[in-house]
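For reference, the structure discussed in these notes is given below.
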Amino acid sequence: MRRGLLSLREVVATGGPFRALRRPRWAMTLLRSAPGLRLRTAEPADIPLLARWRTDPRVLEFYAGRDRPLDEAGVRARYFCPHRDPTTGRFYEYRACVAETGSGPVGFVQYYRLPRADAGLFGCSPEERAYAVDLFLGEPARWGHGLGSRLLALVRDHLVERRDARRIFADPRVENLRSVRALEKAGFRKVQLLAARSVHEGDRADCWLMEYP
Ligand SMILES: CC(C)(COP(=O)(O)OP(=O)(O)OC[C@H]1O[C@@H](n2cnc3c(N)ncnc32)[C@H](O)[C@@H]1OP(=O)(O)O)[C@@H](O)C(=O)NCCC(=O)NCCS
Numbered sequence: 001m002r003r004g005l006l007s008l009r010e011v012v013a014t015g016g017p018f019r020a021l022r023r024p025r026w027a028m029t030l031l032r033s034a035p036g037l038r039l040r041t042a043e044p045a046d047i048p049l050l051a052r053w054r055t056d057p058r059v060l061e062f063y064a065g066r067d068r069p070l071d072e073a074g075v076r077a078r079y080f081c082p083h084r085d086p087t088t089g090r091f092y093e094y095r096a097c098v099a100e101t102g103s104g105p106v107g108f109v110q111y112y113r114l115p116r117a118d119a120g121l122f123g124c125s126p127e128e129r130a131y132a133v134d135l136f137l138g139e140p141a142r143w144g145h146g147l148g149s150r151l152l153a154l155v156r157d158h159l160v161e162r163r164d165a166r167r168i169f170a171d172p173r174v175e176n177l178r179s180v181r182a183l184e185k186a187g188f189r190k191v192q193l194l195a196a197r198s199v200h201e202g203d204r205a206d207c208w209l210m211e212y213p
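Okay, here's the thing in structure tokens:
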């Protein structure tokens, strides 16, 4: 880890040396709700649950791949640290969220302002307010009952109304028909085939670039 003085940008992004005196950076905030469904920011207390989901092979088969589980340390590093754009080195807006129904947490959503490399690939300028989203429901028994598309609609509306998003992207693997369909139900449309966009369980996978509106 780099030592020495923090830059102003890092002070803002990390909370700086006085963060203990302020509201905790990762304190939970309710982002949006609909009948029986809430979208809130993830908090450190969620780490064991997120790690359980992110090591479940049934979830990993569709999300990230069974060869890329995340334990608690991995979850902390991936979801609870500031994110830097590899192209510019700048921090960008990133938010890890938990979805809850009346019975408790049911899934994970992340959204982020598009980093420069993806903005180029997705055909928008870095200045546009473009975001990307992805998600999973942590319990396979919940799949296929309309929850995922409702959750996507919730995050979509949060981004449009509260983050002033002009464009929202997702890039599911072409093979993930349920995910593609859930996105379509939430108003996303296929705009481009991204050949060999991702590596899934060791194989190159084609993805759909999908966009709202
Ligand atoms: C993707 C996910 C969030 C979608 O949530 P969900 O609650 O299952 O989705 P919904 O029930 O809202 O919609 C699924 C749609 O796909 C359809 N579907 C399911 N399996 C399908 C298949 N094999 N082929 C075509 N359509 C299929 C369903 O019939 C439904 O459409 P319909 O309502 O028009 O009938 C959830 O399934 C999940 O977490 N999957 C595992 C992780 C994952 O794939 N994450 C996305 C990574 S990009």
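Following this note's numbering, the numbering of the sequence shown begins with 1 at its first residue and continues without gaps.
In this text, a Cβ means the ideal position worked out from N, Cα and C, and glycines have one as well.
Could you give the residue range of the beta strand (DSSP E) that holds residue i?
i    : result
D134 : 130-137
P105 : 104-113
V199 : 189-200
Helix or strand or just coil, what does DSSP make of residue i?
i    : result
L70  : coil
E211 : strand
R95  : strand
L21  : Note that L21 scores 47 on pLDDT, short of 50, meaning its location in the model is unreliable and no value can be drawn from it.
A77  : helix
A117 : helix
A205 : strand
G65  : coil
Just to confirm the assignment, what range does the alpha helix (DSSP H) spanning residue i have?
i   : result
R32 : Careful: R32 lies outside any alpha helix (DSSP H), inside the beta strand (DSSP E) at 30-34.
R54 : 47-54
R38 : First-last for R38: 37-41, but that is the beta strand (DSSP E), not the alpha helix (DSSP H).
R90 : That residue, R90, is in no alpha helix (DSSP H); it is neither H nor E in DSSP.
P44 : Unbroken run through P44: none, as it is neither H nor E.
P57 : 57-60
Would you kindly work out how many angstroms separate the C-alpha atoms of residue i and residue j, rounded to a whole number?
i    : j    : result
A170 : D85  : 18 Å
P115 : P126 : 8 Å
V199 : R32  : 33 Å
Y94  : H83  : 7 Å
D203 : L193 : 17 Å
G120 : L209 : 13 Å
G107 : A182 : 14 Å
R173 : M28  : 31 Å
L70  : T41  : 19 Å
V98  : G146 : 17 Å
A186 : P213 : 10 Å
I168 : Y111 : 9 Å
A51  : L151 : 20 Å
R163 : G148 : 21 Å
W53  : E139 : 8 Å
G104 : G36  : 10 Å
E72  : P48  : 6 Å
R90  : E161 : 25 Å
R38  : V75  : 21 Å
R129 : S179 : 24 Å
D224 : A77  : Since the displayed the chain opens at 1 and closes at 213, residue 224 lies outside it and no answer follows.
W143 : E184 : 16 Å
E211 : F122 : 9 Å
Fill in: Closer than 6 Å to ligand 1: residues, by C-beta to nearest heavy atom, in chain order
V59, F62, Y63, D134, L135, F136, L137, W143, G144, H145, G146, L147, G148, S149, P172, N176, L177, R178, S179, R181, A182, K185
- Go through the region 120-184 residue by residue and report every complete run of the alpha helix (DSSP H) that reaches 4 residues or more, in order. Listed in chain order, they are 147-162.
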